[in-house]
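Taking it in order: structure first as structure tokens, then the write-up.
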Amino acid sequence: MHAMAPSHGRHFFAHPQHPLLRTHYGRESGHVCDICRSQLAGLAGYRCNACDIDVHEACAGYFRESVAFFAHPWHSLTLSRIPGAGIIRWTCDLCEEECAPGSFVYRCVRCMFDVHPLCTMLPQTVRSPLHPGHDLCMVPSSGQCSACHGDLPVWQYVCGGAGACLFRLHIACVSGVPSASGGDCMIADQSFYAGAAHQLGGFGGQTTAGSDYSYSTVTANKPSISTRLAKFLLKESFRVAIDAASGGSASPVLDVLQAAFN
Numbered sequence: 001m002h003a004m005a006p007s008h009g010r011h012f013f014a015h016p017q018h019p020l021l022r023t024h025y026g027r028e029s030g031h032v033c034d035i036c037r038s039q040l041a042g043l044a045g046y047r048c049n050a051c052d053i054d055v056h057e058a059c060a061g062y063f064r065e066s067v068a069f070f071a072h073p074w075h076s077l078t079l080s081r082i083p084g085a086g087i088i089r090w091t092c093d094l095c096e097e098e099c100a101p102g103s104f105v106y107r108c109v110r111c112m113f114d115v116h117p118l119c120t121m122l123p124q125t126v127r128s129p130l131h132p133g134h135d136l137c138m139v140p141s142s143g144q145c146s147a148c149h150g151d152l153p154v155w156q157y158v159c160g161g162a163g164a165c166l167f168r169l170h171i172a173c174v175s176g177v178p179s180a181s182g183g184d185c186m187i188a189d190q191s192f193y194a195g196a197a198h199q200l201g202g203f204g205g206q207t208t209a210g211s212d213y214s215y216s217t218v219t220a221n222k223p224s225i226s227t228r229l230a231k232f233l234l235k236e237s238f239r240v241a242i243d244a245a246s247g248g249s250a251s252p253v254l255d256v257l258q259a260a261f262n
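Read in order, the letters of the sequence shown correspond to residues 1 to 262 in the numbering used here.
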């Protein structure tokens, strides 16, 4: 890891104790961004040696000190660093997965509401290939995932179409990425796509029939939360939705997430 001159230091609102030194991380670097939790290898970022903090240059430029978020409309959320060690296990109130010790989260102190920074990029409304007929809206609800059949967390994507459609999905299952439960994930295509089930590259699956769709059951090992979220955000339809919602300002963050998988 090669550090640039101190003149490239930067004040970072979420870490006011010390300036962050602009740093170019070597291709073999094992450092991880404390905002998005993706690799910094080969990329530019900022580091505080005293506090062992690393942040992508793109993440430092995109994520704001405070944000309004649809899942917590009562108060704004402030980017804050959680303790690096302790007996308290911090979890994201949106995806219900762990927040890494020493990482940054968006927090409402008054309500003790915490959310991964990447989770704040999730679209409130999406159109999934698993259910292309209607928009899916992220809402608090209950039930089982219509794809992997695992129990759903409080926040989930639910069909917003008219009628008695009860289709609902894990955040990750919307795009065919294995869900937080680590179970099977149903990948669906409309029957006119050659009448065959679409299978994710690298995974095997057994095809079963549906009324309007062909399904392929895919079993995979549970990847990290940052990997699942990043792969979700990088799906083309969701990337387009995120770029539209952010006016294109999220593109550099999506680019560094893409670089982590190249």
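C-beta: ideal position from N, C-alpha, C; glycine also.
Could you spell out where the alpha helix (DSSP H) holding Ser66 opens and where it closes?
Your numbering for residue 66 matches position 66 in the sequence shown. Run containing Ser66: none in the alpha helix (DSSP H); it sits in the beta strand (DSSP E), Ser66 to Phe69.
Separation of Leu257 from Phe104, as counted between CA atoms
Indexing the sequence shown from 1 puts residue 104 at position 104. Indexing the sequence shown from 1 puts residue 257 at position 257. Their backbone Cα atoms lie some 17 Å apart in a straight line.
Label Ser146 either buried or exposed according to how many other C-beta atoms from any shown protein chain fall within 10 Å of its C-beta, with 16 as the threshold for buried.
What you label residue 146 is simply residue 146 of the sequence shown in a count that begins at 1. By the neighbour-count rule (16 or more Cβ atoms within 10 Å), Ser146 is buried.
According to DSSP, is Gly202 helix, strand or coil?
Position 202 of the sequence shown, counted from the start, is the residue given in the question as residue 202. Confidence at Gly202 is low in this model, with a pLDDT of 26, below 50, so its placement is unreliable and the value that follows should be read with caution. If DSSP states are grouped into helix, strand and coil, Gly202 belongs with coil.
Tell me the DSSP secondary structure of Gly61 in three-state form.
Along the sequence shown, one-based indexing puts residue 61 at 61. It is helical.
When the Cα atoms are used, what is the spatial distance from Gly84 to His131?
Walking along the sequence shown from the start, residue 84 turns up at place 84. Walking along the sequence shown from the start, residue 131 turns up at place 131. The alpha-carbon atoms of Gly84 and His131 are separated by roughly 41 Å.
In the DSSP assignment, find the unbroken beta strand (DSSP E) run with Leu20 in it and report its ends.
Here residue 20 is taken as the residue at index 20 of the sequence shown, counted from 1. Taken as a continuous stretch (DSSP letters only), the beta strand (DSSP E) holding Leu20 covers His15 to His24.
Per DSSP, Cys137 forms a beta bridge with which residues?
Against the sequence shown, residue 137 aligns to sequence position 137. According to DSSP, Cys137 bridges with Thr125 and Val158.
Just the C-alpha distance for Cys108 and Val154, rounded to the nearest angstrom, thanks.
For the purposes of this step, residue 108 is taken as residue 108 along the sequence shown, with counting starting at 1. For the purposes of this step, residue 154 is taken as residue 154 along the sequence shown, with counting starting at 1. When rounded, the distance between both Cα atoms is 18 Å.
Secondary structure at Ile242, three-state DSSP: helix, strand or coil?
Your numbering for residue 242 matches position 242 in the sequence shown. If DSSP states are grouped into helix, strand and coil, Ile242 belongs with the helices.
Cβ contact check for the stretch 46-66 and the stretch 122-129: 3 or more pairs under 8 Å
no
Can you grab the Cα-Cα spacing for the pair Met112 / His75, in whole Å?
Numbered from its first residue, the sequence shown carries residue 112 at position 112. Numbered from its first residue, the sequence shown carries residue 75 at position 75. Straight-line Cα distance between these residues: approximately 11 Å.
According to the Cβ coordinates, are Val67 and Tyr25 closer than 8 Å?
For the purposes of this step, residue 67 is taken as the residue at position 67 of the sequence shown. For the purposes of this step, residue 25 is taken as the residue at position 25 of the sequence shown. The criterion of a C-beta distance shorter than 8 Å is not satisfied by Val67 and Tyr25.
Identify whether Val109 lies in helix, strand or coil by the three-state DSSP scheme.
Counting from one through the sequence shown, the residue named residue 109 turns up at place 109. If DSSP states are grouped into helix, strand and coil, Val109 belongs with coil.
Could you check how far apart the C-beta atoms of Tyr46 and Phe70 are, in whole angstroms? I think they sit under 8 Å.
Within the sequence shown, numbered from 1, the residue matching residue 46 stands at position 46. Within the sequence shown, numbered from 1, the residue matching residue 70 stands at position 70. At roughly 29 Å, the Cβ-Cβ gap does not stay under 8 Å, so Tyr46 and Phe70 are not in contact.
Taking DSSP as the reference, what is the three-state secondary structure of Thr217?
To locate residue 217, count along the sequence shown from 1; it is residue 217. Residue placement at Thr217 cannot be trusted, given a pLDDT of 37 that sits under 50; the coordinates are not used to answer.
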